[in-house]
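Protein chains in written order, with the working numbering: chain A, 272 to 429; chain B, 2 to 138.
Scroll down for the structure; my scribbles are underneath it.
Here is the structure:
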């Protein structure tokens, strides 16, 4: 009986560790997926800029085109994502250009974002923050992760 | 003697866990490398407008060496027609890629638990789109 109890204890510990290891691996893959997607969104959205404004010596992103690209990419990315199927991914995008300014992390509507980064040089950039809300990623009862957030910033070269 | 018999019974079960830890680690490492290879190929494809034969060969070669598989074992769909950077969003000018590689062993000691080798394998897929940075002449 003593051996059986010890065996059950070892079995329980091993199953818990195995479950944790598997879930942690998936959690890390989800983070990598979100980071890569955020990078892709930021880099893609930064490609669209107002050529007429640029000809006048001012740089301005095409905000709507950028948003359209991000939404399309997120829609496609959902097809093969490591996150559970019922996950909801939302995004926040903030543009920095000659029209919206380079001060604090300003979003398209002019509201200051979180972080309060110090004033940067006049480098146009696009920052995309993705938030995935999902079911609990860990099967162990004492661990609960239901949200993953990753951000990426793409700065245009001088 | 009784305890030895019990030990001989439970030892394989406990060993399966040790083997599973190692296997999970190896699979996770392979997947991370695959993500890295695809990322590198994708960045090159952005500049070239598509996955050129050179980029494709380099990607396949890396996957073959890491996973110890042949090209026939993979499912690879890479955009081969050049796409161009546009001033407005146009989904037809995006570069699509989809790479699936087999994960041969998901569970260690599968036969011990009555799981066949066929049931114990799966495919890991990376699929996405990227915007071309290639300008029209």
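Ideal Cβ positions, reconstructed from N, Cα and C, are used throughout, including at glycine.
Residue i - partner residues in DSSP beta bridges
i	result
residue 420 of chain A	A:402
residue 368 of chain A	A:372
residue 79 of chain B	B:98
residue 361 of chain A	A:402
residue 426 of chain A	A:396
residue 320 of chain A	A:332
Of the listed residues the options, nearest to residue i (C-alpha basis)
i	options	result
residue 21 of chain B	B:50, B:11, B:111, B:4	B:111
residue 422 of chain A	A:363, A:367, A:373	A:363
residue 296 of chain A	A:274, A:316, A:307, A:354	A:354
residue 114 of chain B	B:18, B:129, B:71	B:18
residue 23 of chain B	B:136, B:108, B:64, B:126	B:108
residue 369 of chain A	A:393, A:294, A:317	A:393
residue 405 of chain A	A:300, A:374, A:356, A:345	A:356
residue 54 of chain B	B:65, B:64, B:79	B:79
residue 39 of chain B	B:67, B:27, B:14	B:67
residue 105 of chain B	B:8, B:122, B:9	B:122
residue 136 of chain B	B:72, B:7, B:84, B:42	B:84
Cβ pair residue i, residue j closer than 7 Å
i	j	result
residue 311 of chain A	residue 131 of chain B	yes
residue 76 of chain B	residue 51 of chain B	no
residue 371 of chain A	residue 395 of chain A	no
residue 366 of chain A	residue 332 of chain A	yes
residue 415 of chain A	residue 407 of chain A	yes
residue 336 of chain A	residue 319 of chain A	yes
residue 86 of chain B	residue 129 of chain B	no
residue 399 of chain A	residue 309 of chain A	yes
residue 125 of chain B	residue 32 of chain B	yes
residue 45 of chain B	residue 56 of chain B	yes
residue 4 of chain B	residue 277 of chain A	no
Enclosing beta strand (DSSP E) for residue i [first to last residue]
i	result
residue 102 of chain B	95-104
residue 330 of chain A	Element bounds for residue 330 of chain A: n/a, residue is neither H nor E.
residue 2 of chain B	From DSSP, residue 2 of chain B is part of no beta strand (DSSP E); its letter is neither H nor E.
residue 123 of chain B	123-132
Boundaries of the alpha helix (DSSP H) in which residue i is found, first to last residue
i	result
residue 62 of chain B	54-68
Tell me which residues of the stretch 400-428 of chain A have at least one Cβ-Cβ distance to chain B shorter than 8 Å, keeping chain order.
none
Going along the chain, which residues of the stretch 304-319 of chain A sit with their C-beta nearer than 8 Å to a C-beta in chain B?
307, 308, 311, 314, 315, 318, 319
Residues of the stretch 337-351 of chain A whose Cβ lies closer than 7 Å to any Cβ of chain B, in chain order
339, 340, 343, 344, 347, 348, 350, 351
Residues from the stretch 102-122 of chain B in contact with chain A, defined by Cβ distance under 7 Å:
none
Using a Cβ-Cβ cutoff of 7 Å, what residues of the stretch 72-96 of chain B are near chain A? List them in chain order.
86, 88, 89, 90, 92
Along the stretch 9-21 of chain B, where does the CB come closer than 8 Å to a CB of chain A? Name the residues.
11, 14, 15, 18, 21
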